[in-house]
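What follows is a single structure, written as structure tokens, with notes after it.
Numbering (the working numbering), first residue to last: 931 to 1086.
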């Protein structure tokens, strides 16, 4: 449906979702490796490796579960805003929330705020609201058929 609006952005959205899932997978693999390392009972020899795995998990969390949702919101929000398949207020929430989340991610990356601090939480609220409200809207109402039908009529 969104491919009709902009094939490049639609493909970019799919790609960014794949990158998001991959980053989450790598983060989980780091945690599972850390558990295995702990169960092996290597003691102090494994300390450096354990710290490296925790640092890798922290970075993958920042990429996969914080930065990529902002990229996804920009791509999907711009497509939905332009296509008018949902009320415009929904994509606007995502388009406003994405730069806020990126700003929060940069602050966390450079150590200005902690990942679990109140400012970090506040920067994530608009994206959480965007994802929740879009999901509820699509389950309850779905896409507006009129933009799809009117475009098909014009092309016919």
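Note that CB positions come from ideal geometry on N, CA and C, so glycine has one too.
If you compare alpha carbons, which of 967, 1004 and 1013 is closest to residue 934?
-> 1013
Host alpha helix (DSSP H) of residue 1062 (start-end) | 1048-1070
In its own chain, which residues sit with a C-beta less than 8 angstroms from the C-beta of residue 961, not counting the 5 before and 5 after it?
-> 983 and 987
Neighbourhood of residue 993 by C-beta, 6 angstroms cutoff - its chain only, sequence neighbours within 5 removed = 953
What's the gap between the Cα of residue 996 and the Cα of residue 1061?
-> 13 angstroms
Separation of residue 1035 from residue 1016, as counted between CA atoms | 28 angstroms
First and last residue of the alpha helix (DSSP H) that includes residue 969?
-> Residue 969 -> alpha helix (DSSP H) spans 937-969.
Which term fits residue 978, buried or exposed, when burial requires 16 or more other beta carbons within 10 angstroms of its beta carbon?
-> exposed
Span of the alpha helix (DSSP H) around residue 973 | Premise fails: residue 973 is in no alpha helix (DSSP H) and is neither H nor E.
Is the number of C-beta pairs between the stretch 934-943 and the stretch 958-972 that are closer than 8 angstroms three or more?
-> Counting Cβ pairs under 8 angstroms, fewer than three are found: no touch.
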